[in-house]
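Remarks on the structure that follows.
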Ligand SMILES: Cc1ncc(COP(=O)(O)O)c(C=O)c1O
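Numbering (our numbering), first residue to last: 30 to 377.
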């Protein structure tokens, strides 16, 4: 049987997404979904859908939704690519911009999908270790075909200063993909670099700030040549008819997105205070999750204890991450339950 599978695929470990437990009374704070209700426009459209339309293939170029994105960011539709979640876009970037002997760069720790995408394509990885404060210093003469720069970073939640990102872009010879999955929860965005530089793509998603992880929609903005390359290699109909329509109406309702991100930021401040009072080191978050380091009785132990109580947070094994937990900002009620359970676990 093994002979049937490519050696590189046999050798690699797949990406491990956060658990999706089902059942009553579960508190899910492990995959950075947004507990707030998305725009009511989405429900209205779902009620109006003509199922006969679903017999037809969707628009392969996602023109309607790209026009809305074009207005939102004041760029031409030719500078926009729409994908089946931003994960699809990240995968296409590796395929489009890396030669066989090229390499994929990213910070360590950051989104654990990047090395998996490189391994699928048998492309070398060139991680750059963040220091103990999760800041970076690029090695002298560093090069790669593509660099995934997650800003704000995940799982640390911290924002890298825009000026520093720009200096990096100017020196880097390959394509810089700025993964802004969480940027709506942050102070500033690097979107302007998408049209200022030829080697930059800025990727966004509706999974976080728009509370629409289930529809799978992401997009990126950048130089036409890079966008054209992504269009050349994508699946013909990569974004479903339903998703295109739901994404379009969601993107038009910027007000709801702003309201729910403001609510998340409010809860984020509260949980930061509570966890700090419980003795956790809480890193300054500009996302919809917090990255925390407990002093006692260890991150894995707390993760297991919470899990046994049906509260799911994320713990990543590995030297750079094993002492910390990533906790999604849930509803205020979920956060109160989390804190009560932590008090019991810590004996406070
Ligand atoms: C940094 C980062 N980029 C991209 C994604 C994927 O987003 P999408 O749901 O659009 O595929 C995630 C999801 O958790 C993420 O953390």
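We put the beta carbon where it would ideally sit given N, CA and C, even for glycine. Model, not experiment: these values are computed from the prediction.
Residue i CB to nearest heavy atom of ligand 1 below 7 Å
i: residue 269; result: no
i: residue 314; result: no
i: residue 140; result: yes
i: residue 59; result: no
i: residue 114; result: yes
i: residue 183; result: yes
i: residue 236; result: yes
i: residue 179; result: yes
i: residue 43; result: no
i: residue 292; result: no
i: residue 247; result: yes
i: residue 213; result: no
Backbone CA spacing between residue i and residue j [nearest angstrom]
i: residue 273; j: residue 106; result: 15 Å
i: residue 85; j: residue 271; result: 11 Å
i: residue 134; j: residue 234; result: 21 Å
i: residue 68; j: residue 59; result: 23 Å
i: residue 283; j: residue 276; result: 12 Å
i: residue 185; j: residue 309; result: 14 Å
i: residue 165; j: residue 32; result: 42 Å
i: residue 63; j: residue 315; result: 14 Å
i: residue 206; j: residue 334; result: 37 Å
i: residue 322; j: residue 280; result: 35 Å
i: residue 146; j: residue 369; result: 39 Å
i: residue 127; j: residue 175; result: 7 Å
i: residue 312; j: residue 373; result: 23 Å
i: residue 288; j: residue 169; result: 43 Å
i: residue 136; j: residue 115; result: 18 Å
i: residue 37; j: residue 93; result: 39 Å
i: residue 225; j: residue 231; result: 11 Å
i: residue 53; j: residue 338; result: 12 Å
Exposure label - residue i; buried when at least 16 CB within 10 Å
i: residue 247; result: buried
i: residue 227; result: exposed
i: residue 208; result: buried
i: residue 76; result: exposed
i: residue 201; result: buried
i: residue 325; result: exposed
i: residue 98; result: buried
i: residue 251; result: buried
i: residue 216; result: exposed
i: residue 111; result: buried
i: residue 362; result: exposed
i: residue 45; result: exposed
Three-state class that DSSP yields for residue i in the structure shown
i: residue 347; result: coil
i: residue 214; result: helix
i: residue 194; result: helix
i: residue 263; result: coil
i: residue 51; result: coil
i: residue 322; result: strand
i: residue 223; result: helix
i: residue 332; result: helix
i: residue 245; result: coil
i: residue 258; result: helix
i: residue 356; result: strand
Item checked: alpha helix (DSSP H) runs contained entirely in the region 94–128, provided each spans 4 or more residues -> List check, alpha helix (DSSP H) in window: 115–126.
Notebook entry, point to check: In chain order, which beta strand (DSSP E) runs of at least 3 residues are fully inside the region 123–209?
Noted result: Fully contained in the region 123–209 are the following beta strand (DSSP E) runs of length 3 or more, in chain order: 132–137, 153–158, 175–179, 204–208.
Note to self: Suppose only complete runs of 3+ residues qualify. What are the beta strand (DSSP E) ranges in the region 289–323, listed by chain order?
What the structure shows: Runs found: 318–322.
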